[in-house]
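Read through the structure below, which is laid out as structure tokens, and then see the notes.
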Amino acid sequence: MPRTVTVAATQMACSTDRQSNIQKAEQLVRQAAAQGAQIILLQELFETPYFCQKQKYDYLKLATPLEQNPAVAHFQKLAAELQVVLPICFYELAGQVRFNTVVMIDADGSLHPNRYRKTHIPDGPGYSEKFYFSPGDTGFQVWETRYARIGLGICWDQWFPETARALALQGAEIIFYPTAIGSEPHDPTLDSCDHWQRTQQGHAAANLTPVVVSNRVGVEQEDDWQITFYGSSFITDGFGAKVAELDRQQEGVLVQAFDLDALAFTRQSWGVFRDRRPDRYKLLMCKDGATGNNG
617 MPRTVTVAAT QMACSTDRQS NIQKAEQLVR QAAAQGAQII LLQELFETPY
667 FCQKQKYDYL KLATPLEQNP AVAHFQKLAA ELQVVLPICF YELAGQVRFN
717 TVVMIDADGS LHPNRYRKTH IPDGPGYSEK FYFSPGDTGF QVWETRYARI
767 GLGICWDQWF PETARALALQ GAEIIFYPTA IGSEPHDPTL DSCDHWQRTQ
817 QGHAAANLTP VVVSNRVGVE QEDDWQITFY GSSFITDGFG AKVAELDRQQ
867 EGVLVQAFDL DALAFTRQSW GVFRDRRPDR YKLLMCKDGA TGNNG
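Residue 617 is where the sequence shown starts when you use the numbering used here, and the numbers rise one by one after that.
Shown next, in the form of structure tokens:
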């Protein structure tokens, strides 16, 4: 029998009421599960509005240790009830530092021991994440869940082909990206939505691995700054084509089934992993493309 899995991406607006956001996320998870989804992606940092627009010390207090995070505890119970796998992104306090972190809840409600801390941390107008997050120290992670072996990057990670390739090399059968991206508050004429989607479609095509992306919607105001999150959450097939997509305003879910054995056969048939030349890629280990040994 073929190995099949049904995945879902969710999309929602977030308020300043943490519990309300958790409840809305639960409703979307239930909706996706009712449509047969087994692995369900919630967006980046869905417990709160996107607090990184401005550098404010009060927002540092939003971080919690894993053991004290209300969303993780809440969705462990829900995962066990619905028998679904849930990656949960939260603002982690670890000792004296803070990370943008994902933990993986398996379909029995248990937490996998490995967590993922966001590797690439952006810093620009409206997206001042270096003030809030230290660069991740976990390396790229994959999880052997009940339904599939999955990999995950967080938001800015999705712009880097190295993220997707590292996950694919570790055997990820599907790649997930929780994200929070929208307009540029310093220049409202900029719109990166199409570019953002094409970049991730390229990761799927290059690795012959489906990609599932969950973004938020709505307008979030911070003093004189404002971001309109453009939603457009989507799912690709293993060739990078979009097979499901939400628009820029709607809250909801996307659901898509995949035959994991067929995907594995396609990856083997194309030979892109067979024909890789890691000994030729040493230049990628340096910042400027010149100081590394290119072999």
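Cβ coordinates follow ideal geometry from the N, Cα and C atoms, glycine included.
Going by C-alpha positions, Gly711 is about 21 Å away from Phe756. For the 8 Å CB-CB criterion, Arg634 and Pro686 form a contact. Between Ala780 and Asp773, the alpha-carbon positions lie close to 9 Å from each other.
Inclusion of Cys630 and Tyr743 in the CB contact set at 8 Å is not warranted, their separation being larger than that value.
A Cβ-Cβ separation of about 16 Å leaves Glu708 out of contact with Ala796 under the 8 Å criterion. Look at Phe889 here: in three-state DSSP terms it is coil, with no helix or strand label.
As the crow flies, the alpha-carbon of Tyr675 is around 12 Å from that of Phe749. For the pair Ala696 and Gly854, the Cα-to-Cα distance works out to about 29 Å.
DSSP, reduced to helix, strand and coil, places Tyr675 within a helical segment of the structure shown.
A contact between stretches requires three or more CB pairs, one per stretch, nearer than 8 Å, and the stretch 842 to 851 fails this requirement with the stretch 880 to 892. Looking at the backbone, the Cα of Met901 and that of Ala782 are separated by about 14 Å.
In the same chain as Thr815, and ignoring 5 residues on each side of it, the C-beta atoms closer than 8 Å to its own belong to Gln774, Trp775, in chain order. The beta carbon of Arg646 is closer than 6 Å to none in its chain, skipping five residues each way along the sequence. With a minimum length of 3 residues, the unbroken runs of beta strand (DSSP E) contained wholly in the stretch 760 to 846 fall at 765 to 768, 790 to 794, 827 to 830, 833 to 838, 841 to 846. Note on Asp722: 16 or more other CB atoms within 10 angstroms of its CB, so buried under the neighbour-count rule. Straight-line measurement puts the Cα of Ala821 at about 18 Å from the Cα of Ala873. Look at Thr626 here: in three-state DSSP terms it is strand.
The shortest C-alpha to C-alpha distance from Met617 to any of Asp807, Arg896, Asp875 is the one to Asp875. Cβ contact annotation for Pro801 (same chain, cutoff 8 Å, sequence separation greater than five): Gln669, Pro741, Gly742, Trp841, Gln842, Ile843, in chain order. Here Thr907 is exposed. Its C-beta has fewer than 16 other C-beta atoms within 10 Å. For Thr825, the closest C-alpha among the options Glu836, Trp812, Gln837, Lys858 is that of Lys858.
Under the criterion of beta carbons closer than 8 Å, Ala648 and Val869 qualify as touching, at roughly 4 Å.
Taking 8 Å as the upper bound for CB-CB distance, Leu658 and Thr626 are in contact here, some 5 Å apart.
For Leu899, the secondary structure class from DSSP, reduced to helix, strand or coil, is helix.
Between Thr632 and the set Glu836, Glu789, Val718, Gln643, the nearest pair of CA atoms involves Glu836. Taking a 10 Å sphere around the C-beta of Gln639, we find fewer than 16 other C-beta atoms and assign the residue as exposed.
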